[in-house]
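Read the structure below first, then the notes.
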Amino acid sequence: MSAENHSATLSAHPDEFPAFDNQDRHTDATIEDDLETPRASFYSEVAEGELSLDEDYFSSPPPSRNAMTTPSELLSHKAAAITSSNNAPQTHSRATVAVSLPEGVYAQQQDAMSGSGSVTTAPSFSDSMSIRSTAPTLKSLGDADVESMLGEILSETESRFCASSIQESIEESVEDEDTDDEIDEEILTDEEQLARWRAKKKHFFILSEAGKPVYSRYGSETIISSYIGVLQAIISFFTDTSDTLQSFQSGSHLFVVISSGPLYLVAISCTGETPAQLRLQLDSLYQQILSTLTLSQLTKAFSGRFNFDLRRLLGGTEVFLDGLVDSILRGSPAILLSALECITLRKTHRTQINQLLLTHRTSTLLYGLIITDSRLVSVIRPKRHSLHPPDLQLLFSMLFTASTFRDGNEHWTPLCMPRFNSKGFLHAYIHFFTADSAIVLISADKDAFFELREMAEKVVAGLQETGLRERIGEGVKRPKPVDIMPGTVIRHWVYKSRGNVQFISSSWEGVERKRTMVVYQRLHAVVHGRGRVKVAFETAGSGASQGVGDGGDNGGKRSLGQDGMAWVGNGWEVYAVAKRGTKREAMVRGVQGIVKWVKEREERVFVIGGATF
Amino acid sequence: MSHPRASTQSQRFAQFKLVLLGESAVGKSSLVLRFVKDQFDDYRESTIGAAFLTQTIALDETTTVKFEIWDTAGQERYKSLAPMYYRNANCAVVVYDITQSSSLDKAKAWVKELQRQANENIVIALAGNKLDIVTGDPSKRAVETVEAEAYAKEAGLLFFETSAKTAQNVKDLFTAIAKKLPLDQPGPRGARPGAGGRGVDLKGGMAAQQQGCNC
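In order, the protein sequence lines correspond to chains A and B.
Position 611 of the first sequence, counting from 1, maps to 611 under UniProt numbering, and the rest follow consecutively.
Position 82 of the second sequence, counting from 1, maps to 82 under UniProt numbering, and the rest follow consecutively.
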């Protein structure tokens, strides 16, 4: 196959790549749409044309502004993000009978297209939300600048809420879930296994429309099959009435359902996510399945075979689904923020690495990437094809959460990048040239292996000779908050650049990752909720977490609650945590320091544009 | 081997393309790992797509054989990609698990496909893996040696029962293949002067791909 350019290659296979041209423009907005991203934010200094990782992530970039001045007219006395909607119908409580759930089932019905589910949740959920400790603070401040805006916030009475019972269960679940996977399930009796399964704070299920189990993170088939059956019954009850079940609440558990292609994906969680956040997690699992099968194969598998057992086709890729779920459970800023993380590199070094890839580029290459520690080092791409962060997230997850590719061997594997084109496979050359660093060369040509292999050899040799390999190793280190701002109260922070669809995180060392992520998740829900809040605080509860936990076997690990803060600016959002009881003034100063620090080195901490050819 | 590297003019170097085929979880990757790195992992994740490895063995003082190995994934969904790996292969190792009789049926199907579609002179070896398991517990055996051997003989295959775990017969398997390959006839699938060849030529896979792919 002549590989002069891709269009030639692709036109030869119209079925395989019908969407190769810039048709992928539409799909991108979906994820962010789910999150109700405030539209009035687009980072001004990033010229539209330069955006590499996803030019089209937002449907229409609004007029730009100076990034440091928050448009305060957006602030108003609107209620905090999670306004309750007490109109969720309870007419379908018949489903309750079917599930035999201990508490009432409130079904949330709404048109799949209409807005964020987080706002229209069922009553019991909003009730619990209202007593949670998130205390977003909104002020209308006219044209005041950020300083004074924050100043007003600071002068407000701090509102602290007691931890609700839900919060307690969240805290608990955050504590103890790590420990229980080490017991060999096989030595347990059925009852013990069931008890352990039921004790999980979060479950993900994938099932076919016919109710065949496709995937569950936990539990043997005997355990899950009856539950899958019940889920299928509930979901199809609504489908039969031409309605779509999106989520419902039972006790402290939120059930979220998405229907994607011929599959249902269900998340059951008591860890406090909003339905929108859970949908995002479910979508990442669905995308993972697509990346193994393509949408075409997935659809074909079920066409005429309603009862098809998809596990036959997915065999061997459960590790990737497990990896995704585990990183979700561990707390994944990448999934929460729908963004990628990069390593920090001097601009000159990043340019040199790009240049190395460009120099040795072969004619069949579509995308060339260097990835280390689940983070992007460098990417090259054709000018006319953007690379979609969700696709890269999948790739990163596959590379780093499973050992499949991390054996130092060279791999050649078909791979669907669903946002690029869900109907066809690309082919990826994957080689870990160090324990943590991989070169990934992607082509639409399935015969390109030897060509790409040669390219990879040259690039890796080039990285070695120029010392860039060491630079990459050094760039992996994340800064500690105190490295940036000595004496700061901030313990951890993440900063997302919306324009680049990337984020940077401070070091996780000494940070309780799961708890911190729960704080971020709540803050995220607030600033992405209907209120379009620009600044939100999370105040730790009254110490509900004290005394619960993992039995004290690693005493230093048990932490008290943390206070958190989120701040959304033009084209960026930042989340930070500090010790419980930290003065807001100090926290605000810290967060301002972070924003300033990141802005001063955007070209180092983000891949801006990537190299094109 | 007793000779300390007698430098002769008649050094021979040959390069062969080898493909591993067989049902999933019979131990293809483990056999390759044992052969190439002399290692064994108790838990291995499934191969995704295919892995490419090389290993060079010395047949005697003057003859070196380099294998370029495609370790393919055994899952059903990759079935249509197989021609891309076995086309132009000089040799194939078709692996089954001696504790799973169905895996031999699958191996036979692969042999049939290779004999019909692959290189005319392809050297095929049948490997019954997981010998260590039946050594420990003979009741675990599901495929009798004589049965598989008879089949191999009839189909004209090399035959070994192997254990990637203990390394039993692994080296022998690959050496036997190397010995059976036509070292002396230079040509597209024989000995080649020097390295630098392009390895398995995947380009040839196009035609057959059209029918089998895109499922």
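Here a beta-carbon is modelled for each residue, glycine too, at the ideal position from N, C-alpha and C.
query: Provide the residue span of the alpha helix (DSSP H) that contains A/Asn500, from first to last.; result: Element bounds for A/Asn500: n/a, residue is neither H nor E.
query: Three-state secondary structure (DSSP) at A/Lys480?; result: coil
query: Should B/Val146 go down as buried or exposed, given a rule of 16 or more other Cβ atoms within 10 Å for buried?; result: exposed
query: State the start and end residues of the unbroken alpha helix (DSSP H) segment that holds A/Ser247.; result: Segment Leu245 to Ser250 is the beta strand (DSSP E) holding A/Ser247; no alpha helix (DSSP H) there.
query: Identify, in the order they occur along the chain, each residue of the same chain with its Cβ nearer than 8 Å to the Cβ of B/Val123, setting aside the five sequence neighbours on each side.; result: Asn90, Cys91, Ala92, Leu158, Ile177, Lys180 and Leu181
query: Which residues in chain B sit within 9 Å of A/Ala435, going by Cβ to Cβ distance?; result: Per Cβ cutoff of 9 Å: no residues; A/Ala435 is ~15 Å from chain B at best.
query: How big is the Cα-Cα spacing for A/Ser216 and A/Glu318?; result: 9 Å
query: For the candidate residues B/Leu33, B/Ala109 and B/Glu68, whose alpha-carbon lies nearest to that of B/Tyr151?; result: B/Ala109
query: For A/Ile265, which of helix, strand or coil comes out of DSSP?; result: For the sequence presented, residue 265 of chain A should be read as Leu rather than Ile. Strand at A/Leu265.
query: Looking at the C-beta of B/Ser102, does it have a partner C-beta in chain A at a distance below 7 Å?; result: no
query: I believe A/His388 touches A/His411 by the beta-carbon criterion, under 8 Å. Please report the beta-carbon distance rounded to the nearest angstrom.; result: In fact, because the Cβ distance is near 22 Å, the residues do not count as touching under 8 Å.
query: CA-CA distance, B/Phe67 and A/Ile228?; result: 48 Å
query: If A/Tyr495 and A/Ile504 are in contact, beta carbons under 8 Å, what's the gap, nearest whole angstrom?; result: 5 Å
query: From the DSSP output, read off the bridge partner residues of B/Thr110.; result: In the sequence on display, residue 110 of chain B carries Trp and not Thr. Paired residues: none, contrary to the question.
query: What are the boundary residues of the beta strand (DSSP E) that B/Gly27 is part of?; result: Element bounds for B/Gly27: n/a, residue is neither H nor E.
query: Grouping DSSP H, G and I as helix and E and B as strand, with all else coil, what is A/Gly593?; result: helix
query: Ignoring anything shorter than 4 residues or poking outside the stretch 72 to 127 of chain B, list the alpha helix (DSSP H) runs there in chain order.; result: 82 to 86 and 101 to 117
query: Quick one: which residues of the stretch 392 to 415 of chain A get their C-beta closer than 7 Å to a C-beta of chain B? List them in chain order.; result: Ala402, Ser403, Thr404, Asn409, Glu410, His411, Trp412, Thr413 and Pro414
query: Between the Cα of A/His524 and the Cα atoms of A/Val266, A/Gln281, A/Gly408 and A/Glu573, which residue gives the shortest distance?; result: A/Glu573
query: Mind listing the chain B neighbours of residue 698 of chain A? Cutoff is C-beta to C-beta under 8 Å, in chain order.; result: Nothing can be reported for residue 698 of chain A, as the shown portion of chain A is limited to 1 through 613.
query: Return the residue from the list B/Asp137, B/Asp172, B/Lys79 and B/Lys140 that minimises the CA-CA distance to B/Glu113.; result: B/Lys79
query: Is A/Val256 helix, strand or coil when you go by DSSP?; result: strand
query: Taking DSSP as the reference, what is the three-state secondary structure of A/Glu509?; result: coil
query: Looking at the secondary structure, which residues open and close the alpha helix (DSSP H) in which A/Pro275 lies?; result: Pro275 to Phe302
query: Can you tell me whether A/Ala233 is buried or exposed? The criterion is at least 16 other CB atoms within 10 Å of its CB, across all chains shown.; result: exposed
query: May I ask you to report which of helix, strand or coil DSSP gives A/Ser422?; result: coil
query: Buried or exposed for A/Ser226, please, with buried defined as at least 16 other CB atoms from any protein chain shown within 10 angstroms of its CB.; result: exposed
query: Could you tell me which chain A residues have their CB closer than 7 Å to the CB of B/Ala109, listed as they occur along the chain?; result: Neighbours of B/Ala109 on chain A: none; closest Cβ ~16 Å, over 7 Å.
query: Kindly indicate which residue of A/Gly424, A/Gly510, A/Gly590 and A/Arg522 has the alpha-carbon position closest to the one of A/Thr488.; result: A/Gly590
query: Measuring from the CB of B/Thr72, is there a heavy atom of the ligand MN at a distance below 6 Å?; result: The ligand MN is not part of the structure shown, which contains no ligands of any sort.
query: Report the CB separation of A/Tyr218 from A/Lys201 in whole angstroms; it is logged as a contact under 8 Å.; result: Actually they do not touch by this definition, with Cβ atoms about 11 Å apart.
query: For B/Ala58, count neighbouring C-beta atoms within 10 Å of its own C-beta (all shown protein chains included) and say buried if the count is 16 or more, exposed if not.; result: exposed
query: In whole angstroms, what is the alpha-carbon distance linking A/Arg453 and A/Val440?; result: 10 Å
query: Quick check: what's the CA-CA separation for A/Ala444 versus A/Ile289?; result: 19 Å
query: So, is A/Arg279 buried or exposed, given that buried needs 16 or more other C-beta atoms within 10 angstroms?; result: buried
query: Reducing DSSP to helix, strand and coil, say where B/Arg34 ends up.; result: helix
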